[in-house]
Amino acid sequence: MVWINAIVQGVLLGGLYALFAAGLSLMFGVMRFINIAHGDFIVTAAYLMVALVTGLAVHPAVAVVLVLIALTTAGYVNQRILLNRVLGKDILPPILVTFGMSIIIQNALLEIFSADSQRLPAGWLETGSIVLSDAVAIGWLPLLMFAAAVAVIGGLQLVFYKTPLGRMLRATSDDPEIVPLMGGNNAHIFAIATALASLVVGVAGIFLAMKTNFDPSAGPARLLFAFEAVIIGGLGSLWGTLVGGIVLGVAQTLGAQIDAGVQILAGHLVFLALLVVRPRGLFPKM
Amino acid sequence: MTKHTLSRRGFMKATGATGLLAASGIASPAIAKTKKLKIGFVTPQTGPLAIFAEPDQFTLNQFAKKIGDGLMINGSKHEIEFIVKDSQSNSNRASSVAQELILGEEVDVICATSTPDTTNPVADQAELNGVPCLTNDTPWQPHFFGRQGDPAKGFQYTYHFFWGLEDIIGSFVNMWDKVDTNKVVGALWPNDPDGNGWAHPELGFPPVMTQRGYKLVDPGRYQNMSDDFSAQISAFKQAGVEIVTGVVIPPDFTTFWTQAAQQGFHPKVVNAAKATEFPQAVGALGDRADGLSVEVWWSPHHPFSSGFTGQTSAELAADYEAQTGNPWTMPLGFKHSLFEVIFDSLQRSEDPTDPDSIAAAIKATNYNSVVGNINFAGGPVPNIAKTPLVGGQWRLENGKPVLDIVENGAHPDIPLTGEMKAIG
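Chains as they are written, first to last, in full-length UniProt numbering: chain A, 1 to 286; chain B, 1 to 424.
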C-alpha cells in the first residue's frame, strides 16, 4: 500500500511540475525562446496574490482574476517592448536578457516585500484530504493542482488546434519568416504567445502561494524540474509536458521510498535515461 | 555595492593606493588628531539568508547614536566608522567583500554574523591578512572545524561566540522527556552540512538518543527544496513515530507539515530548527504552528542586559519592535552583542590602531552582554566562547505566534515562561 501511495503522490506531484512547466513549454514551442526568469515570474505572481488577499483584503476569487489579468498584460507588454528585440537566430541574447530579468525581479521583490517568507493561508484546503485507506490519502490541494494542470494544458491545446489564433501560433512556430508574407504580424503573435504563457504562470503562482512558503529567491529552484518536465515530454508538446511532469514526480516519490536521499536523484536519473533512449523526448513535435 | 573582480586596473588601483598610503605614513609626522577606527561588517542583506540581516540597520543606528562623535579609548577620543557589505548569502561573495574591507577600506576590525556561509569565509580572510575578527550566529563546530581549526593551536586573530551541536541535542532531548510519548523519533535531516552533522553516528543525535532510550527512524538525507515528503510520512506512520525532529528550511517544513496533515500523520512533538526560528516563517503556517518547538538562542525573557546601552533583553526587544514595527527575532540579541564585545575590546586594548593589541583584547574578553557572558578563556576549543541555549515552544495568541521558553535544563538561570505541551 505504501508503494501505491507513493505512485499516487508522485502523479499529483507531476501535476505541480507540469503546471510550472507549461508556460515554459509554450514559449519554447512557439518562439524557441528559453525564459530563465520563468520561476521568478511565478514567484512574482505568488507575491501579487498574497499582497491582494492579505494586504488589501481583496476577495480571493477577485484576486485570482486580477492576478491573471495583470500577468497576461505584463507578459504581452514585456514581449512587445523588450523580448521581441532580442529574438533572432542566436538563442543566446534572450537567455542573457531573461537571466538579467531574473536577478532584477528577485532584488525588486526583496526591496518591496523584504526577505520574510510568505504564504497564502488556504484554510481547510491546505490540510483536507480524501482518505482512501490507512496508507493512501489524496490531499485536496494537490488534487486541485493536478486538475488545474490538466485544465490548463487542455485549454492551451484547444486554443492551439481549434481556433484561428492557434493556427497563427502554429504557423509562426513552423516558419516565422513566411507568416509576415501572409499578412501576419510576428511581433503581435509572439506577444500573444507570451501573454498566454504568462496566464499559465499566474495560475502556477497562485498555487505556489498556497502550497508552501516562498521568498524572493524561491524562483530558480522551480526552474530545473520545469525544464526536465519539458524535455522528458518532448519539445513543443503540451500533453508531453504533463506526462513529463508525472514521470518526474513518480520517479522522485518511488526513489524516496528506497531512501530519502535518492528522491531528487531518481528524477534526474530517469531524465538522463530518457535522454539516452529518446533524445527528443517522449512526444516531440519538432 | 560595487562588484569586486580582480581586474588589471583594479589591481593597479588597490596596490597603488596602499603604496601611496604607506608613503604618506612615512612622510607625515605624528598628528594630534586620533585615528578614526573603521569597523567592517559583512552580513547577508540579500538572498535566502536575508531574514537574518533584518535587525542590522536598527543595531547599527543604535550604536552609532550612542557613540556619537567618538569612543573614548585610553583617554583619547576615536571617531568610529561602520562599513557594511552585503554577502548576498553567498560564501564566495562574503570572501571577496571581506577582502575589499581589509585591503581596500583597511578596516581595523572586521565582523560577520549568520551561518557558516558568512562567518567562515570572513574569518578566513581576516586570519590570512592579520585583521582582528569577531563573528557569531553559527554553531561553533561548523565554524571552528569547518575552517580546519586545530583545537591544540586555535587561531590568532579570529574569535567566535555561539552555542554548539551538543547544546541543541541536549535541549531537544530534554523537550522530548517532558511529553509522554512512545519514544519513537522520526528524523528530518537534509543532505547539507547541518543535516549531516546532526545525523553523525558519533557526534550527532544518534548516540545521545540511544543513551536516553529513544528509537530513531531515519529515512535518509533528503535534498533541500523537495516538493514531496510522502515517503518520510509513510515511514513515520509505519513505525508509529510520535516525535519528529529536524533541521529543515522553511519551504520544506511547510510542505512536510501540510502533507502530514493530508496523510493523517499527527506526531505529539515536532522540533523544527531553522524553519521555526523566525516568527515571520511561523506566522506563515497559520494555526498549524501551534505547539511546534525550536531551540532558543536569545529571547526577551533572557535575564541578561546590554553592557553598552544598559537595556535588558526585554527592553531591547521592545525598542526594536517600537522602532521597526517588526517582531523581535533571535539574531537581534546576537547582532547587538557582537558590537558590544567589539567596543568593549577596543576600549580595553592598549593601542586600538594595532591589530595585535585589539586581538589580544578580544582574547581577554570576559564581558556580560545581552546574550550572556562572553569569555574566550572558557570555550570548548580556543577562540570560541559559548552562549546558553534553551528550548522553546510556539503558541498562538490572538492568531499571532508567541514563543514560550519551556526547557532550561542546562541553563536554569533563564526562566521558564510556559510548560511543554503535546501538539493537538
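Backbone N, C-alpha and C define an ideal beta-carbon position, used for all residues, glycine too. All values derive from a computational prediction rather than experimental measurement.
In this structure, how does DSSP classify residue i when only helix, strand and coil are distinguished?
{"i": "A32 (chain B)", "result": "With a pLDDT of 49 at A32 (chain B), under the threshold of 50, the modelled position of that residue is not reliable, and no figure is offered here."}
{"i": "Y367 (chain B)", "result": "strand"}
{"i": "E407 (chain B)", "result": "strand"}
{"i": "F339 (chain B)", "result": "helix"}
{"i": "M72 (chain B)", "result": "strand"}
{"i": "A235 (chain B)", "result": "helix"}
{"i": "Y159 (chain B)", "result": "strand"}
{"i": "K211 (chain A)", "result": "helix"}
{"i": "F41 (chain B)", "result": "strand"}
{"i": "E100 (chain B)", "result": "helix"}
{"i": "A22 (chain B)", "result": "Low confidence applies to A22 (chain B): its pLDDT is 44, below 50, so where it sits in the model is not reliable, and the reading given next is rough at best. Here A22 (chain B) sits in helix by DSSP."}
{"i": "R80 (chain A)", "result": "helix"}
{"i": "H266 (chain B)", "result": "coil"}
{"i": "A266 (chain A)", "result": "helix"}
{"i": "P116 (chain B)", "result": "helix"}
{"i": "H200 (chain B)", "result": "coil"}
{"i": "A27 (chain B)", "result": "Residue confidence is low: A27 (chain B) scores 45 on pLDDT, short of 50, so the model does not pin down where it sits. Its coordinate-derived value is still stated next. Helix, per DSSP."}
{"i": "P190 (chain B)", "result": "strand"}
{"i": "L396 (chain B)", "result": "strand"}
{"i": "S87 (chain B)", "result": "coil"}
{"i": "N186 (chain A)", "result": "helix"}
{"i": "Q157 (chain A)", "result": "helix"}
{"i": "H38 (chain A)", "result": "helix"}
{"i": "G391 (chain B)", "result": "strand"}
Taking C-beta to C-beta, are residue i and residue j nearer than 8 Å?
{"i": "G372 (chain B)", "j": "F304 (chain B)", "result": "yes"}
{"i": "V243 (chain A)", "j": "L24 (chain A)", "result": "no"}
{"i": "S114 (chain B)", "j": "F52 (chain B)", "result": "yes"}
{"i": "P279 (chain B)", "j": "P401 (chain B)", "result": "yes"}
{"i": "P355 (chain B)", "j": "G149 (chain B)", "result": "no"}
{"i": "A195 (chain A)", "j": "V43 (chain A)", "result": "no"}
{"i": "I243 (chain B)", "j": "V269 (chain B)", "result": "yes"}
{"i": "N224 (chain B)", "j": "G246 (chain B)", "result": "no"}
{"i": "G264 (chain B)", "j": "V131 (chain A)", "result": "yes"}
{"i": "L16 (chain A)", "j": "A45 (chain A)", "result": "no"}
{"i": "Y157 (chain B)", "j": "P132 (chain B)", "result": "yes"}
{"i": "A21 (chain A)", "j": "A231 (chain B)", "result": "no"}
{"i": "M210 (chain A)", "j": "A148 (chain A)", "result": "no"}
{"i": "N174 (chain B)", "j": "Y222 (chain B)", "result": "no"}
{"i": "E100 (chain B)", "j": "K38 (chain B)", "result": "no"}
{"i": "V241 (chain B)", "j": "G195 (chain B)", "result": "no"}
{"i": "L68 (chain A)", "j": "L199 (chain A)", "result": "yes"}
{"i": "D108 (chain B)", "j": "I384 (chain B)", "result": "no"}
{"i": "G29 (chain A)", "j": "G249 (chain A)", "result": "no"}
Which residues in the same chain have their Cβ closer than 6 Å to the Cβ of residue i, if we skip the five residues on either side of it in sequence?
{"i": "P29 (chain B)", "result": "In this predicted model, P29 (chain B) has a pLDDT of only 44, less than 50, meaning its place in the structure is not dependable; the value taken from the coordinates is given anyway. There are no such residues."}
{"i": "A317 (chain B)", "result": "P300, W328"}
{"i": "A23 (chain B)", "result": "Reliability fails at A23 (chain B), whose pLDDT of 44 lies under 50, so the model's placement of it is uncertain and no value is given."}
{"i": "A289 (chain B)", "result": "V282, W394, P401"}
Return the Cβ separation of residue i and residue j in integer angstroms, given the expectation that the two are a contact with Cβ distance under 8 Å.
{"i": "S171 (chain B)", "j": "E277 (chain B)", "result": "S171 (chain B) to E277 (chain B), Cβ: 13 Å. No contact."}
{"i": "M49 (chain A)", "j": "I206 (chain A)", "result": "5 Å"}
{"i": "Q263 (chain A)", "j": "S226 (chain B)", "result": "6 Å"}
{"i": "I73 (chain B)", "j": "Q347 (chain B)", "result": "5 Å"}
{"i": "L87 (chain A)", "j": "L66 (chain A)", "result": "So it is not a contact: roughly 29 Å between Cβ atoms."}
{"i": "V370 (chain B)", "j": "G310 (chain B)", "result": "The pair is not a contact, with the Cβ atoms about 10 Å apart (cut-off 8 Å)."}
{"i": "T181 (chain B)", "j": "H160 (chain B)", "result": "Not quite, the Cβ-Cβ distance comes to about 36 Å (not below 8 Å), so this is no contact."}
{"i": "D86 (chain B)", "j": "T119 (chain B)", "result": "That pair is no contact at about 15 Å."}
{"i": "T127 (chain A)", "j": "T258 (chain B)", "result": "6 Å"}
{"i": "L71 (chain B)", "j": "F343 (chain B)", "result": "6 Å"}
{"i": "A187 (chain A)", "j": "N78 (chain A)", "result": "That pair is no contact at about 13 Å."}
{"i": "V217 (chain B)", "j": "A239 (chain B)", "result": "4 Å"}
{"i": "S117 (chain A)", "j": "A422 (chain B)", "result": "That belief does not hold up - the Cβ atoms of S117 (chain A) and A422 (chain B) are roughly 27 Å apart, past 8 Å."}
{"i": "Q157 (chain A)", "j": "L275 (chain A)", "result": "Their Cβ separation, rounded to whole angstroms, is 25 Å, which puts Q157 (chain A) and L275 (chain A) out of contact at 8 Å."}
By Cβ distance, which residues of its chain are closer than 8 Å to residue i, with the 5 residues on each side in sequence left out?
{"i": "N366 (chain B)", "result": "N373, I374, N375, A377"}
{"i": "V2 (chain A)", "result": "A135, Q257"}
{"i": "A27 (chain B)", "result": "Note that A27 (chain B) scores a pLDDT of 45, beneath 50, so its modelled location is shaky; the value from the coordinates is reported in the next line. Excluding residues within five positions, none has a Cβ falling inside 8 Å."}
{"i": "T253 (chain A)", "result": "A6, I7, Q9, G10, L13, Q263"}
{"i": "L82 (chain A)", "result": "V97"}
Looking only at its chain, what residues have a beta carbon closer than 7 Å to the beta carbon of residue i, apart from the 5 residues adjacent to it on each side?
{"i": "I4 (chain A)", "result": "V136"}
{"i": "M27 (chain A)", "result": "F33, N35, A193, T194, A197"}
{"i": "residue 356 (chain A)", "result": "Residue coverage of chain A in this structure runs from 1 to 286, which leaves residue 356 (chain A) outside it and unanswerable."}
Measuring only from the beta carbon, is residue i closer than 7 Å to any heavy atom that is part of the ligand MN?
{"i": "F283 (chain A)", "result": "Of the ligands one can find in the structure shown there are none, so the ligand MN has no counterpart to examine."}
| said: Across the region 55–63 of chain A and the region 176–194 of chain A, are there enough close Cβ pairs to call them in contact, namely three or more that are closer than 8 Å? | reply: no
| query | Is the region 52–65 of chain B in contact with the region 120–128 of chain B, if contact means three or more CB pairs nearer than 8 Å? | reply | no
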